[in-house]
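Colleague: Let me give you the structure first, and then I'll get to my questions.
4 protein chains.
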Amino acid sequence: MIERYALSPIKEIWEEEEKYKRWLEVELAVIEAFEKLGEAPAGTADTIRRKAVIDVGRIQVIEAEVDHDVIAFIKAVTERLGDEGRYFHKGLTSSDVVDTALSLALKRAGELIAQELRRLIEDLREKALKHRNTVIMGRTHGVHAEPTSFGLKMLSFLAEAERNLDRLENCIENLSVGKISGAVGNYANVSPEVEMFALERLGLRPAKVSTQVIPRDLHADFLNALALIGSGIERIAVEIRHLQKTEVLEVQEPFREKQRGSSAMPHKKNPILAERLSGMARMLRSYVIVGYENIVLWHERDISHSSTERLILPDATMLTFYMLRKATYLVENLVVYPERMLQNFVHSRNLVFSQRVMLTLVEKGLSREDAYKIVQALAEKTWREGVDFKKVVSNNPEIKKLLSEAELDRLFDASYYLRNIDEIFKRFDL
Amino acid sequence: MIERYALSPIKEIWEEEEKYKRWLEVELAVIEAFEKLGEAPAGTADTIRRKAVIDVGRIQVIEAEVDHDVIAFIKAVTERLGDEGRYFHKGLTSSDVVDTALSLALKRAGELIAQELRRLIEDLREKALKHRNTVIMGRTHGVHAEPTSFGLKMLSFLAEAERNLDRLENCIENLSVGKISGAVGNYANVSPEVEMFALERLGLRPAKVSTQVIPRDLHADFLNALALIGSGIERIAVEIRHLQKTEVLEVQEPFREKQRGSSAMPHKKNPILAERLSGMARMLRSYVIVGYENIVLWHERDISHSSTERLILPDATMLTFYMLRKATYLVENLVVYPERMLQNFVHSRNLVFSQRVMLTLVEKGLSREDAYKIVQALAEKTWREGVDFKKVVSNNPEIKKLLSEAELDRLFDASYYLRNIDEIFKRFDL
Amino acid sequence: MIERYALSPIKEIWEEEEKYKRWLEVELAVIEAFEKLGEAPAGTADTIRRKAVIDVGRIQVIEAEVDHDVIAFIKAVTERLGDEGRYFHKGLTSSDVVDTALSLALKRAGELIAQELRRLIEDLREKALKHRNTVIMGRTHGVHAEPTSFGLKMLSFLAEAERNLDRLENCIENLSVGKISGAVGNYANVSPEVEMFALERLGLRPAKVSTQVIPRDLHADFLNALALIGSGIERIAVEIRHLQKTEVLEVQEPFREKQRGSSAMPHKKNPILAERLSGMARMLRSYVIVGYENIVLWHERDISHSSTERLILPDATMLTFYMLRKATYLVENLVVYPERMLQNFVHSRNLVFSQRVMLTLVEKGLSREDAYKIVQALAEKTWREGVDFKKVVSNNPEIKKLLSEAELDRLFDASYYLRNIDEIFKRFDL
Amino acid sequence: MIERYALSPIKEIWEEEEKYKRWLEVELAVIEAFEKLGEAPAGTADTIRRKAVIDVGRIQVIEAEVDHDVIAFIKAVTERLGDEGRYFHKGLTSSDVVDTALSLALKRAGELIAQELRRLIEDLREKALKHRNTVIMGRTHGVHAEPTSFGLKMLSFLAEAERNLDRLENCIENLSVGKISGAVGNYANVSPEVEMFALERLGLRPAKVSTQVIPRDLHADFLNALALIGSGIERIAVEIRHLQKTEVLEVQEPFREKQRGSSAMPHKKNPILAERLSGMARMLRSYVIVGYENIVLWHERDISHSSTERLILPDATMLTFYMLRKATYLVENLVVYPERMLQNFVHSRNLVFSQRVMLTLVEKGLSREDAYKIVQALAEKTWREGVDFKKVVSNNPEIKKLLSEAELDRLFDASYYLRNIDEIFKRFDL
């Protein structure tokens, strides 16, 4: 991931040194299991923990020679150890260490992402509450449909984010597995007990069955969870981009004091953050395809997934983290123009109330047929002459006989459409 | 989906007539809700159910005119109704019907797929049990690694299938939601109570919040579950294709009596079914990309997802169903050659036992250094001269002094590598 | 492809009977080559052509038995032939026939698509010419930027369509290859001469080298060409969807007399066609992923690509054809509102002219510093007070001294921004 | 791209400083155009070139403040300039500089990739020539089919690589366009002449029509070319992985002196490079999906593509470059075992010659019916009894009467299948 989008603390997870530290953690957990089972002298792990040093430079020097990163790591660590070194990596396959450590990394990354997602949910909840009764035109096909509430939009994003949090937590739980089961996953050189104790120490469960590696459907499913988070963020971003279009301008991205939209045009305030989030969602989607192909390894494993995972697992997690941070900032600081939302009703000339007028005329005693015909004629007049529907209705002599001005005003009240909103909010304990 | 891959009973779900029947089911459930709430006379739904006819031809004639499928459906149904017709589709938006009915279809399709997946799991379980102790060479990088059990391979597929079943059931549960909430999801014209009663009748829950439609992350996640099922099947298929390669030939696809592998070559028995499944997995992966893009609809919905869903939802479910049927057939009828599995050990000249020889020499009193050097030299000799490692070891004077022939035989026993297999099987209650 | 999106004449290409006719065409071309090379009696092909009957039902009956479509085809054809039947399929491998015939189908499908693409280009050219000087606000980030011409937008779509036509024609040319080279592509049983003559007859070239099949990068590249066409159409569709948003309403999709946007709201005219095209573009993109994976067949071929190609090649070509037809209809019948385009300038209060005012003040003798400061202050006033920038400028005493009213009017003339448009049109010979 | 896969000289293209140098190059080319057109004093560009310094640190400091990279760049450069600074970036939009410079980068990256691809082609040609007559079993469905030549396999890879080179060169040519056409592509502030002169200086052509940016179908198509190169490499890699399987072992990846396949097993030589290439091809495929989505920008552009291009354009080009380097190394140093290729014929017990035996018996006077029956019976016997087909044939009394031992030997000669190989090689001037 390029520096620009790599934020702390998630980027540290993927640094070389952190990786080696995780490897060491796994090796030590295995030695502690040996101790527990009487296969190594008590205190061995502690001694090694004290003496072992992660010297990235030294590891790289050795790797350049042997062309094998785990062997280089082992050699760099053990050359500083004494006799206790013989218990280091004893009976293990490289993948026991690497894949178990990867689970630790992904679990940690997943938790950081979950934390950010919870923050986004909090902010969406707050915005939903604040704008529960803020009337805005509902739009389908990009065209005015019926009034709704801006808070309800937020609630819809919130519900999706909550579903995505569930999915993510599920995937983290599923991925919280390690494997210390040897070259082909049959515990040829270490016993299942060693695995059990070691993984418990690391906060992981044993994979129910493994090959040389942990099955890759877990990783693919995790990438799917990130892609869904990304697409959920994109839905928010696209909503903002639409509402910030010059002709609509119902919301605006936060704009910092010294920020410049354009060197030439002082009126330019662009939703660049929302656009950036839209783009990044595409990245998250693309990783999943790679994740799927990685599932189908040959026999007990081939290593074709490895190079891709070096790229997509750090990139996907860092990008999701970045997107959540920015989305939260965006939601939290979004500038909302409720009065503008009402003004924009003018664009459909109050025709959105036509159905309500008709139904009221029926209540007042007109037949459905007659009511429909009257309203339809007035709607057409409105459209044809480019005037306001409310005015046209108010001026109609037949309607005047049936409805007082006050009654008419009530009909053209957008808040009517919000009367069931509270029922929806209740489902979220709001 | 082309005829070739469309199997009963899943294909019937996606037939025109079935779709209209589901729409009718939804409309009737709403009317029953009206009745319950006193908004329609008791018995209205029953009357309509008795009179209503799904006449696909008539619907198509009307649709050709009005260019709107739901309006055509309503008209075709109601023109056979009497006064009770006024309660039909009352206060509903097309999407209330279409999207709720889609959930019914997907739920049903999902259940059929889950059923097939359970069958595959059963067959994998049986094969795993049967071959629990069938020794086969474990291969990493396509190269001989250490012996393992053919049953363990099956268990690995089984575990993945079980995870996929969990995912699928989760997605079905999540997708078991409908929405009767109007044009922009705010219950402007029908109350949440109507929705609640109607959906209960249909075996669905209300979507916690909807726009004009049910949120599309649910559908995308469902497609991910299918793609994972597909990739899991591909992993089985690729294993079979590898094991059926002429040089390996440890298993073979079932070959029917009259089947022809090739018009010219009598020796040809090709794993065409496994290859077909490999290909189809690509299809399932590709649908997910479309599913993700469908999430980001504009505002309260645009209709860009609709045309794609007409294609990918039937195709993805039918294809998964087909794949599961064929995969189950494949697993159930797979021809397995255990003796050939043992013969293939010859290809690595028993070098796979080198580590065990070394460890035994240490047990017999040699230093690790000495043992390693002796074995390494013998391994190199084996490789260089193209002879058998066991023979080379047996002829070594130093080793002869330490190990009897019987002891040597035990060392070169592949079943040693299976001694912890039972521990793994226990995790599956096997 | 579902009936709804399968249009003539491209759908006929993919019908069963047509496929068998193409197979027959290939078989006959080979026999004619035999005749030419003296390996079959003159007139054999003619005799077979006269006698051969494509009886789809009969083929299916045989296929149900032998489970091999080509063998079934051969048997069904030859059982009506006399002694000349011995030259039928002589020395051929199934793929010789199937894959060569597939090239014929794709070539034909490609040409039909190219023809539709040319029509779209024609319509875009016409619209570009017609609206060469129709002023419209240029928008970046969805926000007003500087004025441009509606015709220029069309020209941009046109240029992309032309590039896509080039790509498509290239791919058709590359795909116009067949192979009559036997089971592993080495002409073991037929000579290169037979291939040469036969393919010439069919209007194809020999693949420079083949395995059992024609290399699949050709098909993947063809699918890429279709995906690019689709994305180009989506760009047009998204432009229309944006311009038809209620607040913008600068264009509208053609709306047929009896068409209904919504059963409830008379003001609803939705860009449903453009939305459909947006969705379909996603389908075309997804096929490419499958196409790429199909390239990597094992050794001289495995058959994993076959099932997917039965689905994606017909679907991708039919969908592209459908999209082009609809896009052309959309462009041709698009309702354009030039006066509304001008009205929408009001939304940015003429601030888009700020840069021009400043530059003119410099020309009139002010220093750049002074001019910038004056204009900047006026722009801020405009924004802050919600008034019109032109009015603000006109009322400024300093500016009044320097610029006459007529001069000011010329400054606030959007057509100024179109003065170089003709240069661009010239590049298209317009 | 992570350090591990970022090779010189392609990685330098994507370094920050290089990017700014390209921006400067574009700015200077525009000023030279001004000079040529008399809009700037002669020598201005030269003066700036002499004085301008790319100070990455300084640019970053300014960017942190103004949050706009181009403005930061301009300020950092111009603050070291005197009066000539007023011609710097005069009349330009950021995208004029950024997008034109991106074309320069992609053109350069494309050329480096093309160069590596040509090297791969050279090595494939050499290997094809060397092994033109090296007999190897041809395999379809992973199963022995008919003999072919190892050189022909290489030729098939070569032909695909040549097609990919054509495609790449085409894309580079298409992408060799810039745009100096202002905020919405209509030359509002700079004339087409300025663009023409400036781009000529830079070795680019003007985009026939642009929006604020160069159309993104060009970039997507470029990514497709890379994905095809990647999939072509994967085809080579998968072939090698198959041929290196322990049971086949017809080729081996080069294995360096000190390299370690496994810490435990001396017999392990794994095709890790080929596996890595397989994995990386997945990455290249995934980028295309992002590329397609980037085409559909809103109106005259939104900036959603920008963040993704910062990631995928460097990554895709660097990865392709890396893959080509490694693929070339692999092909050049591949260890080939021709004798083993012949030995592997034993696995199908010479049944691959059955068709030839039959045809020869026909030549010797048997009816086709009789010949077929005899051979079929012998083939079945071979298969059933697990003996060698040649032996079975030789021992058949009927055949003995017709064919001498020498004739039989000739029949069982795999090189027969290579007799038309030269014809294929001729097409490549080999």
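Protein chains in written order, with UniProt numbering: chain B, 1 to 430; chain L, 1 to 430; chain D, 1 to 430; chain H, 1 to 430.
Glycine included, every Cβ here is placed at the ideal spot set by N, Cα and C.
Among residues of its own chain, excluding the 5 on either side of Arg-49 of chain D, which ones have a beta-carbon nearer than 7 Å to its beta-carbon?
Modeller: Contacts found: Leu-28.
Colleague: Using the three-state DSSP reduction, which class does Val-352 of chain H fall into: helix, strand or coil?
Modeller: Correct three-state label for Val-352 of chain H: helix.
Colleague: Taking Phe-73 of chain D as the reference, give the member of D:Asp-83, D:Phe-88, D:Ala-161 with the closest Cα.
Modeller: Minimum Cα distance to Phe-73 of chain D is reached at D:Phe-88.
Colleague: If we call anything under 7 Å between Cβ atoms a contact, is Glu-300 of chain H one with Gly-138 of chain D?
Modeller: Yes, they are a contact pair.
Colleague: Comparing the C-beta of Arg-241 of chain H with each C-beta of chain L, is any distance below 7 Å?
Modeller: Yes, its Cβ sits closer than 7 Å to a Cβ of chain L.
Colleague: Indicate whether at least one CB of chain B lies closer than 7 Å to the CB of Glu-275 of chain H.
Modeller: Answer yes: the Cβ-Cβ gap between Glu-275 of chain H and chain B drops below 7 Å somewhere.
Colleague: Check each candidate in D:Glu-398, D:Leu-273, D:Gly-386 and name the one with the smallest Cα separation from Glu-239 of chain D.
Modeller: The shortest C-alpha separation from Glu-239 of chain D is found at D:Leu-273.
Colleague: On the three-state DSSP scale, how would you describe residue 450 of chain L?
Modeller: Outside the displayed range of chain L (1 to 430) lies residue 450 of chain L, so it cannot be described from this structure.
Colleague: Would you mind working out which of L:Asp-422, L:Lys-364, L:Trp-383 sits nearest Leu-408 of chain L, comparing C-alpha positions?
Modeller: It is L:Lys-364 whose Cα lies nearest to the Cα of Leu-408 of chain L.
Colleague: Can you find the residues in the same chain that come closer than 8 Å, C-beta to C-beta, to Ser-17 of chain B, ignoring five residues on each side of it along the sequence?
Modeller: The question names Ser, but residue 17 of chain B in the sequence shown is Glu. Excluding positions up to five away in sequence, the list reads Ile-54, Val-56.
Colleague: Sort L:Ser-278, L:Met-318, L:Val-251, L:Gly-291 by Cα distance to Asp-302 of chain D and report the nearest one.
Modeller: Here the closest residue by C-alpha is L:Ser-278.
Colleague: Beta carbons nearer than 8 Å to chain D: which residues of the segment 228 to 254 of chain B have them?
Modeller: Residues passing the 8 Å Cβ filter: Arg-241, His-242, Gln-244, Lys-245, Thr-246, Glu-247, Val-248, Leu-249.
Colleague: Do three or more CB pairs link the segment 213 to 233 of chain L to the segment 156 to 163 of chain B at distances below 8 Å?
Modeller: Yes: the two stretches touch, three or more of their Cβ pairs being nearer than 8 Å.
Colleague: If you count every other CB in all the chains shown that lies within 10 Å of the CB of Gln-343 of chain B, and 16 or more means buried, which is it?
Modeller: Looking at its Cβ environment, which holds fewer than 16 other Cβ atoms inside 10 Å, Gln-343 of chain B is exposed.
Colleague: What does Asn-270 of chain D touch in chain B if you count any residue whose Cβ is under 9 Å from its own?
Modeller: Those are Thr-140, His-141, Gly-142, Val-143, listed as they occur along chain B.
Colleague: If you scan the segment 16 to 96 of chain H from start to end, which runs of the alpha helix (DSSP H) of 4 or more residues do you find wholly inside it?
Modeller: Segments of the alpha helix (DSSP H) lying fully in the segment 16 to 96 of chain H: 16 to 36, 44 to 51, 56 to 66, 69 to 78.
Colleague: Confirm, please, whether the CB-CB distance from Met-283 of chain H to residue 431 of chain B is below 7 Å.
Modeller: Here chain B comprises residues numbered 1 to 430, so residue 431 of chain B is not present and cannot be evaluated.
Colleague: Closest Cβ-Cβ distance between His-305 of chain B and chain H: below 7 Å?
Modeller: Yes, contact with chain H.
Colleague: Within its chain, find whatever has a CB closer than 7 Å to the CB of Glu-332 of chain L; leave out the 5 residues flanking it on each side and keep chain order.
Modeller: The residues are Asp-123.
Colleague: Against chain D, does Ser-278 of chain B count as a neighbour if the rule is that its beta carbon must be under 7 Å from one of theirs?
Modeller: By this cut-off, Ser-278 of chain B is not an interface position.
Colleague: Within its chain, find whatever has a CB closer than 7 Å to the CB of Phe-321 of chain D; leave out the 5 residues flanking it on each side and keep chain order.
Modeller: The answer, listed in chain order, is Leu-7, Ile-10, Leu-112, Ile-113, Glu-116.
Colleague: Quick one: grab the DSSP three-state call for Pro-206 of chain D.
Modeller: Three-state result, Pro-206 of chain D: strand.
Colleague: At what residue ranges does the segment 234 to 304 of chain D contain a whole run of the alpha helix (DSSP H), taking only runs of 4 or more?
Modeller: 272 to 295, all fully within the segment 234 to 304 of chain D.
Colleague: How about Lys-208 of chain B and Arg-368 of chain L: do their beta carbons lie closer than 7 Å?
Modeller: No, the Cβ-Cβ distance between Lys-208 of chain B and Arg-368 of chain L is not below 7 Å.
Colleague: With 7 Å set as the bound, which would you pick, yes or no: does the beta-carbon of Val-290 of chain L sit closer than that to a beta-carbon of chain D?
Modeller: Yes, Val-290 of chain L lies at the interface with chain D (some Cβ there is under 7 Å from its Cβ).
Colleague: Can you pull out the residues from the segment 322 to 354 of chain B whose beta carbon lies closer than 9 Å to at least one beta carbon of chain D?
Modeller: For the segment 322 to 354 of chain B, which is checked against every Cβ of chain D, the residues closer than 9 Å are Asn-344, His-347, Ser-348, Arg-349, Leu-351, Val-352, Ser-354.
Colleague: Taking one C-beta from the segment 170 to 184 of chain D and one from the segment 67 to 81 of chain D each time, how about it: are there three or more such pairs within less than 8 Å?
Modeller: Judged by Cβ distances under 8 Å, the segment 170 to 184 of chain D makes no contact with the segment 67 to 81 of chain D, as fewer than three pairs qualify.
Colleague: Assign Leu-102 of chain L to buried or exposed, taking buried as 16 or more other Cβ atoms, counted over all protein chains shown, within 10 Å of its Cβ.
Modeller: So Leu-102 of chain L counts as buried.
Colleague: Quick one: what's Thr-148 of chain L bridged to in DSSP?
Modeller: Thr-148 of chain L pairs with L:Ile-136.
Colleague: Just mark Ser-348 of chain B as buried or exposed, buried being the case when its beta carbon has 16 or more other beta carbons within 10 Å.
Modeller: Per the 10 Å Cβ criterion, buried.
Colleague: Answer with buried or exposed for Asn-395 of chain B, where buried requires no fewer than 16 other C-beta atoms within 10 angstroms of its C-beta.
Modeller: Under this definition Asn-395 of chain B is an exposed residue.
Colleague: Using only the alpha-carbon positions, how far apart do Asn-420 of chain H and Leu-378 of chain H sit?
Modeller: So the alpha carbons of these two residues sit roughly 29 Å apart.
Colleague: Using Cβ-Cβ distances below 7 Å, what residues of the segment 194 to 209 of chain D are close to chain H?
Modeller: If the cut-off is 7 Å between Cβ atoms, the segment 194 to 209 of chain D has Lys-208, Val-209 near chain H.
Colleague: Could you say which of H:Thr-360, H:Pro-271, H:Phe-197 lies nearest to Leu-402 of chain H if we only look at CA atoms?
Modeller: Leu-402 of chain H has its Cα closest to that of H:Thr-360, out of H:Thr-360, H:Pro-271, H:Phe-197.
Colleague: Measuring straight from C-alpha to C-alpha, what distance separates Tyr-187 of chain L and Ala-145 of chain B?
Modeller: Their backbone Cα atoms lie some 13 Å apart in a straight line.
Colleague: Consult DSSP for Val-190 of chain D and reduce its assignment to one of helix, strand or coil.
Modeller: Residue state, collapsed to three classes: coil.
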